[in-house]
């Protein structure tokens with residue numbers, strides 16, 4: 487059985503819902519799902535399995551648990567009692583990456599938590615690894631270990647690792663927040679001049695990877711796009727109501743619970759988020775130019791520092807922390823970024839990306855011209871276009887806030903449907 491990117495492989499009894507059908511009353515209608523997340527060619531694909539059954543899925547002879555998700559490692563054994571047994575292997579092309587993982591010493595950062603070799607992402611100022619909990623009867627007190635024994639199969643988190651001299655703002659902000667569409671932080675630890683932020687483990691990859699098909703991004707069906715934007719709006723309203731501005735909203739910072747339509751989306755990476763009391767304007771030029779509102783001030787870098795031709799073209803992975811914008815900007819910079827995301831997922835086109843050169847992106851952003859006459863927009867409704875256009879208004883005074891976004895026809899006309907789906911599939 488080959489597990490491919492952007493395709494969930496399902497095993498169960500139902501003939502129409504599964505890729506592998508097992509006719510056995512012990513087997514649930516959909517017993518388990520397996521999927522692959524592959525961020526780039528330099529990383530090992532992450533293969534997840536979710537137990538959706540009544541009678542259980544066993545991973546290396548341990549029961550995974552209903553609705554629990556496991557991360558498969560090379561040579562792992564998967565078993566469904568009375569119905570299915572398999573062994574997972576990575577293809578030979580990933581042999582060198584597996585060797586690197588085997589040579590990694592699992593760092594013990596607290597009595598019961600060990601950082602694994604598996605990198606599952608990166609943020610503004612640090613990397614994100616998987617972390618796993620040892621069983622309570624584990625007697626290991628070493629600070630570094632190679633052993634895989636005595637691990638609790640159901641206890642995994644993500645841990646973001648930062649240098650201690652990096653601002654503690656991100657962990658302080660996240661520890662105060664509690665919303666289903668915002669990443670949860672369980673605890674933070676400072677050890678050996680490093681800050682460890684323990685976060686919930688989200689297993690569906692990011693929105694950029696979900697849209698990526700080769701060198702292009704695909705457009706999503708409008709109902710799927712609508713549910714994603716609705717969830718991000720709920721997250722932004724919660725943040726803005728608590729005087730928090732994200733300042734780096736982009737595809738890479740939106741995670742999916744599972745890589746499928748209708749899933750929960752989670753806003754992450756608060757590395758340059760800002761607490762802004764009493765609508766106080768912000769002045770530091772930060773973020774990713776492709777998603778940044780014109781008032782944030784990246785044009786100042788072009789005018790004042792003559793850096794037109796010295797920038798990394800890969801805007802999706804490039805964060806900028808730069809100079810001071812004297813005019814300042816407000817939390818509506820997040821609304822602009824949401825408009826860029828909406829434009830991309832509805833059409834597959836980034837509105838101001840141009841040739842990928844940072845100077846070109848910034849100039850196109852300052853003009854703010856949108857091209858809804860392109861073929862990619864032909865089957866998209868006028869209400870969705872009006873929504874995108876309003877969020878990408880050059881004058882931030884005329885740009886809607888979160889409440890104004892909810893009152894736009896594209897959202898308002900489908901609110902009953904969105905609330906119903908949200909409570910049934912997300913909460």
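In this note's numbering, the protein residues as written are 487 to 913.
All C-beta atoms, glycine included, are put in the ideal place defined by N, C-alpha and C.
Just so we're clear, the structure is a prediction, and the values are computed from it rather than from any experiment.
Taking only the alpha-carbon atoms, compute the straight-line gap between residue i and residue j and give it to the nearest angstrom.
| i | j | result |
| --- | --- | --- |
| residue 856 | residue 813 | 25 Å |
| residue 906 | residue 748 | 12 Å |
| residue 773 | residue 734 | 5 Å |
| residue 690 | residue 554 | 13 Å |
| residue 454 | residue 493 | Here the chain has residues from 487 to 913 only, and residue 454 is not among them. |
| residue 559 | residue 496 | 19 Å |
| residue 499 | residue 872 | 45 Å |
| residue 881 | residue 895 | 21 Å |
| residue 557 | residue 912 | 22 Å |
| residue 629 | residue 647 | A caution first: residue 629 carries a pLDDT of 37, below 50, which makes its placement in the model too unreliable to give a value. |
| residue 703 | residue 835 | 7 Å |
| residue 488 | residue 506 | 12 Å |
| residue 901 | residue 718 | 14 Å |
| residue 571 | residue 909 | 35 Å |
| residue 848 | residue 722 | 24 Å |
| residue 817 | residue 715 | 17 Å |
| residue 649 | residue 741 | 24 Å |
| residue 539 | residue 511 | 12 Å |
| residue 509 | residue 516 | 12 Å |
| residue 547 | residue 584 | 23 Å |
| residue 574 | residue 779 | 46 Å |
| residue 687 | residue 879 | 35 Å |
| residue 545 | residue 682 | 28 Å |
| residue 501 | residue 696 | 27 Å |
| residue 659 | residue 726 | 12 Å |
Take residue i and list the residues in its own chain whose beta-carbon comes closer than 8 Å to its own, dropping the five residues that flank it on each side.
| i | result |
| --- | --- |
| residue 580 | 530 and 531 |
| residue 898 | 892 |
| residue 552 | 537, 538, 539, 540 and 542 |
| residue 680 | 647, 648, 649 and 650 |
Pull the bridge partners of residue i from the DSSP assignment, please.
| i | result |
| --- | --- |
| residue 914 | For residue 914 there is no data in the structure shown, the boundaries of the chain being 487 and 913. |
| residue 696 | BP columns for residue 696 are empty, so no partner. |
| residue 498 | 507 |
| residue 559 | DSSP lists no partner for residue 559. |
| residue 677 | 680 |
| residue 655 | For residue 655, which the question treats as bridged, DSSP gives no partner whatsoever. |
| residue 740 | 753 |
| residue 778 | Answer is none; residue 778 lacks a bridge partner. |
Assign residue i to one of two classes, buried (16 or more other C-beta atoms within 10 Å of its C-beta) or exposed (fewer than that).
| i | result |
| --- | --- |
| residue 757 | buried |
| residue 751 | buried |
| residue 732 | buried |
| residue 763 | exposed |
| residue 903 | exposed |
| residue 889 | exposed |
| residue 838 | buried |
| residue 820 | buried |
| residue 851 | buried |
| residue 829 | buried |
| residue 600 | buried |
| residue 582 | exposed |
| residue 863 | buried |
| residue 885 | buried |
| residue 568 | exposed |
| residue 543 | buried |
| residue 807 | Bear in mind that the predicted position of residue 807 carries a pLDDT of just 45, short of 50, making it unreliable; the figure below should be weighed with that in mind. Residue 807 comes out exposed. |
| residue 874 | buried |
| residue 654 | exposed |
| residue 791 | Reliability fails at residue 791, whose pLDDT of 46 lies under 50, so the model's placement of it is uncertain and the value that follows must be treated cautiously. Classification of residue 791: exposed, given that the 10 Å Cβ count is below 16. |
| residue 504 | buried |
| residue 699 | exposed |
| residue 709 | exposed |
| residue 781 | buried |
| residue 692 | buried |
What residues in its chain sit with their C-beta under 6 Å from that of residue i, if we drop five residues either side in the sequence?
| i | result |
| --- | --- |
| residue 739 | 754 and 755 |
| residue 684 | 643, 645, 672 and 673 |
| residue 831 | 706 and 711 |
| residue 777 | 736, 823 and 826 |
| residue 669 | 685, 752 and 754 |
| residue 522 | 489, 491, 531 and 533 |
| residue 464 | The displayed coordinates of the chain run from 487 to 913. Any statement about residue 464 would go beyond what the structure contains. |
| residue 796 | Caution applies to residue 796, whose pLDDT of 40 falls short of 50 and renders its modelled position unreliable; the value that the coordinates give is listed next. For residue 796, where only same-chain residues beyond five positions count, there are no Cβ hits under 6 Å. |
| residue 520 | 489, 495 and 535 |
| residue 524 | 491 and 531 |
Once the 5 residues before and after residue i are set aside, which same chain residues still bring their CB inside 7 Å of it?
| i | result |
| --- | --- |
| residue 596 | 675 |
| residue 606 | 532, 614, 615, 616 and 644 |
| residue 720 | 667 |
| residue 662 | none |
| residue 589 | Model confidence at residue 589 stands at a pLDDT of 48, short of 50, so the residue's coordinates are unreliable and nothing is read from them. |
TODO: Taking only runs that begin and end inside the stretch 505-540, name each unbroken beta strand (DSSP E) of 3 or more residues, in chain order.
DONE: 518-523 and 532-537
Task: Residue ranges of each alpha helix (DSSP H) within the stretch 815-898, 4 or longer - done: 818-833, 844-853, 868-877, 888-892 and 895-898
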